[in-house]
Each structure stands twice: as structure tokens, then as C-alpha cells.
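A.B. asks: Each residue of the sequence shown is one higher than the one before, starting from 1 at the first, in full-length UniProt numbering.
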Amino acid sequence: MAPKKDGTPSRKAAVSTPKSESRVTRSRAKVSAPCEPTSIQKKTDEIVGRLQKMLETTSGLLELWSEQQEKFHQCVQERKTNFWGLIDTVNMKKNLWPFEEFSRLLTRNQLTLFEEVYNSFISQSMVAIVAICANDKAKRDMFLQVGEHLMAISILNGDIYPALRVLSRMMKLEFNFRTVLATMGMYISLDIGDYFVYDQLKSVPQKQTTETLLQWQRSMEFWAKSLRRPNYDASLVREIQNELLLIQKENSLTFYTSYAKICLRQALVNESKKPNADISKTSDTLMNLHRIYDSCYGCVSAVFPESVNGEGLIGLLERKPDARSFHLLESVVYAHAFMEAGCDLVMGLVDAGLTREAESRALVNLGLSLSTCFSYRVYRALNLYYWPKWRITTDRPHLEPMLEWFQQLRMPRSSSSHQTKADPEAEVITELQNIDINTGFVSYKYQYIPKPTKSPEAHTIRCKCTFCVLRTNQLRYTLTELRSERSSADFLCSGLSKMAADTVLKAFGERISSLTQERKLVEDEWTDSVMKPFVPLKLLRVPMYLLNDFIKSTNASNLGPLERNNIISTVLRAFEESPSNKTVLRSIFLLFRHSRRPNPPPFGFKWLKNKESSRIDDKVFEIDGKIFESYTEMKEFRHLLYREWRFEVSTYLAANCECLLKALRPAHVALYFSESMSIALRASMRRKLHRKLEYENMKRDTLAEYDPYPLGFIEDSNDIMNKHRALPTDTTIIQLSFDSNDILWLIRYNPAQEEIFSIPLRHVPSAGSLDVNPKEADKYLSKLREVLTQSDRSTRLNSDPKSFWANRHELEKSFQIAMFGLENEWIDYFAPLFKPISTRSTSHPQFRSAMKGFMLCGYSQTVAMLLTLGVFHSKDEESFRTLAEVLTERISPFTSKKQPDSTTVLQLYKKHRPRLTAVCKELSEEDSFLFLSVPGSISFIPWEAMKVFENVLVSRIASLQIFDVLKARHKKLPTPIDLRNSYYVLNPSGDLVKTEERFKTILNNSSWTGMTGAPPPKGSVLTTLEHKDIYMYVGHGNGLKYAGTTSELQKTECKASCILMGCSSVEILDEGRGYDGRALLYDLVVAHCPCVVGCLYMVTDGEIDAVFMEMLRYLNQNREEEKTESGRYRLLLRAVKHARGSCRLKMLTGHAVVCYGLPTSTENPDPQIASSIPASTHNFLKTKVERIAV
């Protein structure tokens, strides 16, 4: 249909051509004679013929890609799987076939033909095209169809700017659908952060269209504003929320409406990343990324219903005969938006430290990318999956097979016969380091394992691998993009510390230069405007993270300060040239900015015994300003729960608080250490709460009724002091944290203390994680890990009962020796600082008298209290003297008072020691609670087994913030639970027959409901967690797989306390320095479970059954004669402590059982259960040998 009169291209538009083209046209016009009519017709026919040939070629390319997709799909179906489950995460060696099949299906001519058509299309004079096609519908449709095909392939191949260049030419000819074309171009421009191209597309005259499309464009304007403005804009956020609320209330289910909501959420994501953003208004960043992903998935599943069943994007490039105009392009844009939303979500999860979720999403993205049959997508998705796993300590043993996936894309095995000439561009960087992949039972969770490396093999330029096929085409962007992705893979596979700095920097510089050139060509399509320079660094996310890892993984011997600073400066310069990238890529920008700050050597406290320790001169840092800069940065971005950046900056500030400002209080040290703990867990919990609150608030009519959102962080030192004072009476929190120099600190909270006390204890290489050279690791940690590894093996060895128990007892002895050495070396004279204190003690006359004596000497109330604890709990006079000296040196930076000499302090010790010892029973802390918070890297240590905690009720917590959330959720401390309102799952796998027999009598005498010998019905465990008071599980592992998916479990509001009697049920796997660790326990914490009892490591069935039976007997005993506790209840925590002594191996079994969360008081016992369990479970368990790992 011919365009309307008002849609006819103007004279100015008709002659609008690229600058270079217009110059050529003008020069030719001067020397050429006027064309004859026959000559004009001849040239017209030539151009039309060229368009017909291009259309045939692009249609053939689409058919070829569709055939490849169908063949790949058939191959996947033959293996009885789908694209969602394409990768077997259990046995990684089985996963080579998809990449072999992908390389086999790839043909040389695809991208070569595409390049030819693309160059031909771009070389056409738009003056001639407009003159020939403007009033001829058939010719115009031919040109637009070629453009649509080229744009679709370019987008799927990752060529965003070439796609926009094609789009600009299509818009010069098409007016009826110009608004649709412009809107799609505007969306993909904003998606890479380039609002300059967006502004150019927006300025093109458009035809009036539907309200939903205009709604999409209005939403994109909010997105563009959030990119233009560097600072947080509260009024803009209010407008976005009002617009979002309006669309939600309309409840329209069109594509355009869905993408309008996506754009609004993208704007909220950007606003949430800005300095001093109000997270209660923008909502959690991760939650918005999830919402964007879900909306994109909804649109894609509507276009490709098969994708719901895991069939990927099969049929993406099939042209439907009855489809409306540009239906193919719309489908491709929706698919592209979905895949990009997946990448954004993966990177958001990685930034938050949620590696398990990131891996799961990255697997889906990899399967989806394979289904497209586009090389760039596959390379990019593979990097996105491999890179996070490469950083995780416990995932390293499983990465060796993945290196073959990269190699298969580079050189398929089928092409080995063509390997005659080495490719000069394939640099052999390092030789393969063989990693012994033990496919048996041995676990790698306690072993120090290096990052696997593999050198790219040499191959011919003519082989059929992905790299060589793309080398044959000349499309600059595609070639450089693949080289960038290929280089990323090589950097990972080869080991970052082996790379040369100039090689890394050159690859990054070439990539930026290539993007700049491609964008310049888009700009040349509009002769009447000049866009500001911009580099879409979002397309370089993984390479930039690799650069950050590179400067951290390389030691000073092969990366000098100048080279390191050059890399950092190059990246930061790219951010400065394109300021909106600071918002889009806030995490990596903050990491690079922090990398400029030199980490000072540890402070020279005498007891640290560091070889390189020295007192830092305050003036150095006042001049340098780096610490103050990080202090300001932390204040501005305190709302961002970025795991790596937050850990680095918080520990950096905590280690250097004394050099920062004289006005700082000791509370600042506690503040920064608290903010370095459980970052990923807090991010997950905040995401859940924000999602729930948004769902509730969307039912309301106005934004004024919105409730304040949980923040997930501590505001400042006043905030943490308020939390400290608000702690329940008789509650002590001991937090152990590492600073940026890997020094372990103790932070002590107790409401009886006027200040929060903190002190460095000792240096631990690599913060106790496995990410360290075994020769440099702490010897006691290494020994403990070695014993646990041997313990794992011992349960699976075929040996007679006598040998089995002899081996187990020997391991028990080795573990005890290692624990004794660890406590002696790490704690020693610091032991009194680990002790709880209650009002019972602080109000006792003798205790108060001792405190008063120390305060009269000039000590603060807090230190006087700790010294009094030292008088009572120090093992001898020498230990107390050392403790007093340490405390005096520690508080010296925070006070101007003259400190007393050691003689005076020792006199007070000798005076009050006998008095306090005489009333030791009156100062007993048996009813006090001590909460222990430790980093994930040292959480495997049974701290409760140490002598310092011998008579103490110890429960573990993730962090102060998590404790605060649980306390607010469950109100009362201890939390009351009804013993009769319980549900059990016993031996769901059916192979623990003896365990089932042992508990048969107990279950017959109980009023509990549950399942025995079979998995529980679907949904029953989730219902139990929501409505019961206790959930008991006895079987293999933690049994949470019977509860449902991680998402289902985290969405639950858990009322029940959980007792999980299985191997490693509350184990936290070490993921590396600064990570929370990986644990299913965290899913229960996110669900607000009040208390979880479980095992830290592997245990045997008979031993752990004895512990559990004694717990049940203790909790259900007749309480009429109870005097030590209330006659109405018994503490679950005390039951755990009591039951540890009921087994043979006190260390390997008894102290494997620990408690996480709040103390719970059990009410309404069942004495019949207690009567069915003998007081001595050793006599009850007459099994010859109990060694089945549960």
C-alpha cells in the first residue's frame, strides 16, 4: 500500500545519505552527464535485481539456520532431554556432545554469505533506494524484508550496532511501521546503555499509533532519564512507581504493555544503583531483575509456546506466511531481550554472591543459546556459566571437563585430519595441568585444589571450528566480538596469573576501539546530527570482571605497580568517557575504583606476630585520602549488597579505622565487620521480603500507603549501637571476621557493655579458605580438613568391625589433638573474651567490686568488665597479665587517658581472684545465651567443642543483621515450641533399615504424624514448615529436597524449628575468601526458620541415632522435679549440648551436631516417648557396627 500524503518522504529526507556517500555522490555529479531514461531504467533494474538476489540469499540463510535448529532439536530429543536440562551437572564429562553437535552443524557459508549480503545492503545508495522503492509497494517490501532478515541475524549474532545501522536505513523508507521499528531500536539501544542512539531514534518523525505502543515509549523515556542522570532522583522514582502502578491496575496482557513494565523496572534498577538511593522506594535490585526476567519469559513463551517445555527457541527464524509486518523482527527482539535479561540476572546474582542460583540461571541461558545455533551466543553463554564456577573453590575439581567444551568449539574432533598448519593466532600460554578427577566417593570440600588450566590447541585456519569459520568473514564487529569472547575463555582456561599484562590490556583496548568504530558507522547514517562518544561497556562485562580478577590473581613478581595501575586507569577512563556505564555496571566500577587503594601492611600489635607488621603513620593516609574516599563510598552505596565490593571495602575500612578519623568510635569497627558478613544471605532475604511486600502493596490504590521496606544493612555507627543496646538481656554475640589483611578479629556484643568491643586475634592465610597454597595454609585448619577427609573415606571402606572402630577412634584422637592445638594457638589468653555475661554476674557485689577497681584505674566500663571476666576465667596469672597488656594496647588509639601499669592491674587480679572464685556458682552463666557468628570458610570447625565453651549454651547465627530479622519475626526469646505439634520424615530413601527399627518403638508411642520408609507426599514438608512447631528428619543429607525447589522453600514463612539428623545437613561449603559459603541451610534462614539443628560433617547412622534419641529423651522427660529450668519447658539448645555425650566419638559425632538460629523452649512434652528410650543409649544400640554415612 502506498504511503499517505503526510507519510511521503520530504526532500530533505530523500537526499539524506551517509557523509561519505554524499561526498562521492556530489563529486560524481560534477563530472557525469545527465543520465538517459534508458540508462536510469537500466540502473533501476540493476538495483532491483540486486535486492531480489539479497532477498533470496537472506531467506536461504534463515532456512539454513532453521534447519540447523531442527536437527539440533532432533538430536536433543533422541537423548530424551531438553534444552533446559542439556547439561548434566552431576557428571560433567557427559556434556561434550552438545558442543560436538553444534560444531558439526555449523557451516562455513552461513556468516560468509551474511557478510556479503550485509555489505551489499549497506553499500546501496539510499537516495536511489528511496527514489525507486518509495512509491512501489513490492520493491519497498523487498528492501524492508532484506533489512528485517539482516537485522534479525545481526541481533542474534550479538551485532547490535550493525543491526541499528540496518534499522536506520529501513526507517528512511518505511513510514507506516516506522514507530514500531523505532521503538524496537530504542529498546535495544537502551539495553546496552546508549541513550544517545535512543535520542536519535526518538527524534525521527513517527506515525501516530496505538496507546499501548505509546505507553511502551513513555516507559522508555523514564529508562533513558535514569541513564542520563548520575544522581538519585526521588521525584523520578515516584513518577516511575505511579506509572507502574497504573499499568498494573489496567491488567493488560499485551506485548507492548509487558515491555512497558520491563522498561520501568529497568529504570528502577538504575536508580537503585545510584549514590544515596532510597532502596525502600526503588525496591531491591535483584527483585526487579527477577521481575524483568519473568516478564520477558512470559512474552517469549507466548511467541514460542514450546519454550515452556524446555524446547528452547526452536523455529525462531521461521517466516510465517500469514504473519503481520515485521513479525520476525519482533520475535527476535523478544528473544534477544529474554536472553539479555537472563544474562543481567546471572550477573546480578554473581554480584550478590548467590553463586548457586547464578549457576542454575546460567545453565538455562546456555541451553537457550545452544538452541539458537548462533556461535556468539554459545560462546558468551558458556563464558557466563564457566566464569562464576571458576571463581568458586569447591567447584574447581569439576571444571576440567568444561575446558573440553571450549576446545570443541575451537576445534572439533572431526576436523583433526586437517591439522596440518598451526594457527599463528592460537597462543600456547601454558601447558595442561592434569587434575585427578576422582569419580568415586572422595569429596573435594576439604582439599586445597588449584584452578584448572588448559592451553588452546593449534589448528588449521581451514578447519571447521567456530573460531576459524568466523575468521573467514570480514564483519569487524562479529570477528572482534568472538575474539573477545574466545579470549575470555582462553584467559580462564589458561590461568589468569600466567597471562601477560600487555596481552590482556591490548585485547581490551581493541575491543573498545572496535565498538567505537561500529557506533561511528551508525552515527554516519544520520548526516544532520553528531552523537556524543559512547562505549557500551555492558557488552564487555565478563572481560572486565576478568581484568579485575587478573590484577588480583597476579602477584607482584609478574605484574608491576605501573602495569597494574595502567590496567585500572584504562578501565576507569572508559567509564569516565561514558558516565552512564557507572550506573549500569556499578559493581565492576566500584571494584576497579577500590583496586586503586593500596592495602597497608597489618598494624603492629605485638600479639599478632606478623613479619611485615608496622604502625601506619596517620599523615600518610590523610594526604593520600584513599581511606576517607572508601569511607565516603561506603556511605553513598551502603544500600548495595554487592558481595565482592562490600567485603573488600568493609574489611578495608575495618582494618584502617584508626587511621581514618579521630572522631571514629569503636562501633565503626563493628559496623564494617558486620557489613562484611553474610552479604549474599542478606541479599536473598531482602529480595524475598521486597517481593512479598510489593505483592501486598500492589493491591492498594496509592503509593502513599506503601510500607517501608527492609533495608538489609546497618545505616551507621549509631544504628549498630542501638541494635547492640536492644539485644535481649543475658545475650552475648561473638562475631569472628577477617579484615583485608586476612587477620581474624573478635567483635563482642552484650547489652551490659557500654561499647562494642573488637580486637584482632591472629593472621590466617587467605581468611581460612581453601583458596590458598597448601604450604601457606594454617596448619591446624589443614589438619582438621585432612581428618575430615579421612573420616569420609573410612565410612566406605570394606573392613571388619574391629578395624573400622580402631580407625575411627584413631581419627577421633587426631581430631581432638588438632582442636586442642587450634584453641591453644588461636584463643589462648583471649578465652575470657569469648565468655558470655549476664545480669546475674554484673549485679553481683563481688563482680561489681572488681569492675569498680579497674574503672578507678582509668579503664572504661567495657574494658573493666572484660578484665573482670579475665580475673575469673583466665587459667593463670600469666595469662591474665598478657590479656591486660593486650587490652591496654588495643584501646590506646581510642582514649587520651593514661593507662595504668601492669603492677597495678596484677594487684587487682590477686585481690579479686579468690573472691570471685569463691562465688563461682553464683556467677554461673548456664542460663545465658551466646551466639557465635563465623565466616563460611571456618564454619566447619566444631567451635562448641572447645574448652572455652564448655559450660556455655552456644547457638550459631549468620550475622547480626540476620539475628535482628529473626528476632523481629519470632518476637519472643527463647521461642516457644509445642513438642506434640511435630512432623517427622524417617528413612525416606528406605536403605537405613536399622535406624528405622531403632525408632519404631518411639514412633509407636508418640502422637506425631509423619512418613517412614518412603518419601513424604509432595507439598507436605512445606505445609509442615508453615504450620507445625517441629520438623524432624532422619535420613541421608538434610532432606530439604523433599521440601521442593529452592525458590519454593525460600518463599515459605517457616514456623517450625528443624532437626535434621543426616550427614552434613548444616554444612557450609567453602566457596573462597569473602564468600558466605554454599549451604541449603541458608534457604531455611531466608524462610525465617527460628532454629535448625543438624550436622556439620559426615556421621554414621548408629552414632547419630544415639545422639538424636538422647535429645528426644531429654526433651520429653517428666519435669515435675525440675529446678534448674522452668518446670514448663526445656531448651532445645540444652538438649543438643546434653546429647553430645551419648555417643562413642565425642568429636566426630557428638560435636558435629550444632544449632543455628534462636534458642527455642520446648513445651507440652510426651513422657511416653522418654520412657521408651533407655537412659543409656549405648546399651540400647547393640548393633555390631554402625558405619553407614547418613
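Just so it is clear, CB atoms sit at the ideal spot from N, CA and C, and this is done for glycine as well.
Taking the alpha-carbon positions, what's the T209 to H336 distance?
C.D. replies: As a position in the sequence shown, residue 209 is number 209, starting the count at 1. As a position in the sequence shown, residue 336 is number 336, starting the count at 1. Looking at the backbone, the Cα of T209 and that of H336 are separated by about 24 Å.
A.B. asks: Runs of 3 residues minimum, wholly inside the segment 1065-1145: which ones carry the beta strand (DSSP E) assignment?
C.D. replies: The segment 1065-1145 contains these whole beta strand (DSSP E) runs: 1091-1095.
A.B. asks: Any idea if S295 is buried or exposed, counting beta-carbon neighbours within 10 angstroms, 16 or more meaning buried?
C.D. replies: Along the sequence shown, one-based indexing puts residue 295 at 295. Classification for S295: buried.
A.B. asks: Out of curiosity, what's the CA-to-CA distance linking C1091 and E812?
C.D. replies: Taking the first residue of the sequence shown as 1, we reach residue 1091 at position 1091. Taking the first residue of the sequence shown as 1, we reach residue 812 at position 812. Spanning the two alpha carbons is a distance of roughly 28 Å.
A.B. asks: Specify the secondary structure class of Y259 as computed by DSSP and reduced to three states.
C.D. replies: Along the sequence shown, read from residue 1 onward, the residue named residue 259 stands at position 259. The answer is helix: DSSP assigns Y259 an H, G or I state.
A.B. asks: Within its chain, find whatever has a CB closer than 6 Å to the CB of I733; leave out the 5 residues flanking it on each side and keep chain order.
C.D. replies: Looking up residue 733 in the sequence shown gives position 733. Contacts found: Y749, F931.
A.B. asks: Could you tell me how far apart the beta carbons of T1162 and L979 are, in whole angstroms, since I believe they sit closer than 8 Å?
C.D. replies: Here residue 1162 corresponds to residue number 1162 of the sequence shown, with the count starting at 1. Here residue 979 corresponds to residue number 979 of the sequence shown, with the count starting at 1. With a Cβ gap of about 5 Å, T1162 and L979 count as contacting.
A.B. asks: Between the Cα of R586 and the Cα atoms of M1061, D344, Y1042, Y672, which residue gives the shortest distance?
C.D. replies: Stepping through the sequence shown from its first residue, residue 586 is reached at position 586. Nearest C-alpha to R586: D344.
A.B. asks: Return the first residue and the last residue of the beta strand (DSSP E) that C1058 is part of.
C.D. replies: Along the sequence shown, read from residue 1 onward, the residue named residue 1058 stands at position 1058. Start and end: 1057-1061.
A.B. asks: In angstroms, rounded to a whole number, what distance separates the CA positions of N581 and F589?
C.D. replies: Residue mapping note: residue 581 aligns to position 581 of the sequence shown, counting from 1. Residue mapping note: residue 589 aligns to position 589 of the sequence shown, counting from 1. Straight-line Cα distance between these residues: approximately 8 Å.
A.B. asks: Should C373 go down as buried or exposed, given a rule of 16 or more other Cβ atoms within 10 Å for buried?
C.D. replies: Working through the sequence shown from its first residue, we reach residue 373 at position 373. C373 is buried by the Cβ-count criterion.
A.B. asks: Given this structure, state the Cα-to-Cα distance separating M851 from P836, to the nearest angstrom.
C.D. replies: On the sequence shown, residue 851 is found 851 positions in, with the first residue counted as 1. On the sequence shown, residue 836 is found 836 positions in, with the first residue counted as 1. Straight-line Cα distance between these residues: approximately 16 Å.
A.B. asks: Determine the DSSP secondary structure at D233, reduced to helix, strand or coil.
C.D. replies: Taking the sequence shown and counting its residues from 1, one reaches residue 233 at position 233. Looking at D233 - three-state DSSP - the assignment turns out to be coil, as it is neither helix nor strand.
A.B. asks: Buried or exposed: where does T1009 fall if 16 or more other Cβ atoms within 10 Å of its Cβ makes it buried?
C.D. replies: Here residue 1009 refers to the residue found at position 1009 when the sequence shown is read from its first residue. Note on T1009: under 16 other CB atoms within 10 angstroms of its CB, so exposed under the neighbour-count rule.
A.B. asks: Would DSSP call E732 helix, strand or coil?
C.D. replies: Residue mapping note: residue 732 aligns to position 732 of the sequence shown, counting from 1. Looking at the sequence provided, one finds Thr at residue 732 rather than Glu. Of the three classes helix, strand and coil, the one that applies to T732 here is strand, per DSSP.
A.B. asks: Quick one: what's I747 bridged to in DSSP?
C.D. replies: Residue 747 sits at position 747 when you count from the first residue of the sequence shown. For I747, which the question treats as bridged, DSSP gives the partners Q735, S758.
A.B. asks: Would S226 be called buried (16 or more neighbouring beta carbons within 10 Å of its own) or exposed?
C.D. replies: Taking the sequence shown and counting its residues from 1, the one referred to as residue 226 is at position 226. Classification for S226: buried.
A.B. asks: Excluding sequence positions up to five away, which residues of its chain have a Cβ less than 6 Å from the Cβ of K93?
C.D. replies: Residue 93 sits at position 93 when you count from the first residue of the sequence shown. P401.
A.B. asks: Report yes or no: do three or more beta-carbon pairs, one from the segment 750-762 and one from the segment 904-911, lie closer than 8 Å?
C.D. replies: no
A.B. asks: Going by beta carbon distance, what residues of the same chain come within less than 6 Å of Y385, once the five residues before and after it are set aside?
C.D. replies: By one-based count along the sequence shown, residue 385 stands at place 385. For Y385, where only same-chain residues beyond five positions count, the Cβ hits under 6 Å are A362, L366.
A.B. asks: If we ignore side chains and look at the alpha-carbon of each, how far apart do L703 and D524 end up?
C.D. replies: For this step, residue 703 is matched to residue 703 along the sequence shown. For this step, residue 524 is matched to residue 524 along the sequence shown. Note on L703: pLDDT 47, under 50, position unreliable in the model; the coordinate value appears next. Each residue's alpha carbon lies about 45 Å from the other.
A.B. asks: Between I1173 and the rest of its own chain, which residues show a CB-CB distance below 8 Å, the 5 nearest in sequence each way excluded?
C.D. replies: In the sequence shown, counting from the first residue as 1, residue 1173 sits at position 1173. If we look at I1173 and ignore the five residues flanking it on each side, its Cβ neighbours are I1002, M1109, E1110, L1112, R1113, F1180.
A.B. asks: Using only the alpha-carbon positions, how far apart do P988 and L887 sit?
C.D. replies: One-based indexing of the sequence shown puts residue 988 at position 988. One-based indexing of the sequence shown puts residue 887 at position 887. Using only the alpha carbons, I get a separation of about 53 Å.
A.B. asks: Helix, strand or coil for P1015? Go by DSSP, reduced to three states.
C.D. replies: Along the sequence shown, one-based indexing puts residue 1015 at 1015. If DSSP states are grouped into helix, strand and coil, P1015 belongs with coil.
A.B. asks: DSSP on V952, reduced to helix/strand/coil?
C.D. replies: Working through the sequence shown from its first residue, we reach residue 952 at position 952. If DSSP states are grouped into helix, strand and coil, V952 belongs with coil.
A.B. asks: State the DSSP-derived secondary structure class of F931, mapped to helix, strand or coil.
C.D. replies: Within the sequence shown, numbered from 1, the residue matching residue 931 stands at position 931. Reduced to three states, the DSSP call for F931 is strand.
A.B. asks: What's the C-alpha gap between L368 and E311?
C.D. replies: Numbered from 1 along the sequence shown, position 368 holds the residue referred to as residue 368. Numbered from 1 along the sequence shown, position 311 holds the residue referred to as residue 311. Between L368 and E311, the C-alpha separation is close to 8 Å.
A.B. asks: Looking at the structure shown, is Y829 part of a helix, part of a strand, or coil, going by DSSP?
C.D. replies: For the purposes of this step, residue 829 is taken as residue 829 along the sequence shown, with counting starting at 1. Reduced to three states, the DSSP call for Y829 is helix.
A.B. asks: Where does P1174 sit, in a helix, a strand or coil, going by DSSP?
C.D. replies: By one-based count along the sequence shown, residue 1174 stands at place 1174. Reduced to three states, the DSSP call for P1174 is coil.
A.B. asks: Could you check where the alpha helix (DSSP H) with G342 kicks off and where it finishes?
C.D. replies: Stepping through the sequence shown from its first residue, residue 342 is reached at position 342. Run containing G342: 327-352, per the alpha helix (DSSP H) assignment.
A.B. asks: Nearest by alpha-carbon distance to P793: which of S595, D991, M1098 is it?
C.D. replies: Stepping through the sequence shown from its first residue, residue 793 is reached at position 793. What sits at residue 793 in the sequence shown is Arg, not Pro. Nearest C-alpha to R793: M1098.
A.B. asks: Take D502 as the anchor and find which of R564, G85, V1154, F406 has the nearest alpha-carbon.
C.D. replies: Within the sequence shown, numbered from 1, the residue matching residue 502 stands at position 502. Taking only the C-alpha atoms, the option nearest D502 is R564.
A.B. asks: What does P976 pair with, by DSSP beta-bridge criteria?
C.D. replies: Start at 1 with the first residue of the sequence shown, and residue 976 comes out as number 976. Per DSSP, S1161.
A.B. asks: Identify whether C1155 lies in helix, strand or coil by the three-state DSSP scheme.
C.D. replies: Taking the sequence shown and counting its residues from 1, one reaches residue 1155 at position 1155. Looking at C1155 - three-state DSSP - the assignment turns out to be strand.
A.B. asks: Are the CB atoms of M721 and A680 nearer to each other than 8 Å?
C.D. replies: As a working note, residue 721 is residue 721 in the sequence shown. As a working note, residue 680 is residue 680 in the sequence shown. Going by C-beta atoms, M721 is not nearer than 8 Å to A680.
A.B. asks: Looking at the structure shown, is L1040 part of a helix, part of a strand, or coil, going by DSSP?
C.D. replies: What you label residue 1040 is simply residue 1040 of the sequence shown in a count that begins at 1. DSSP places L1040 in helix when its eight states are reduced to three.
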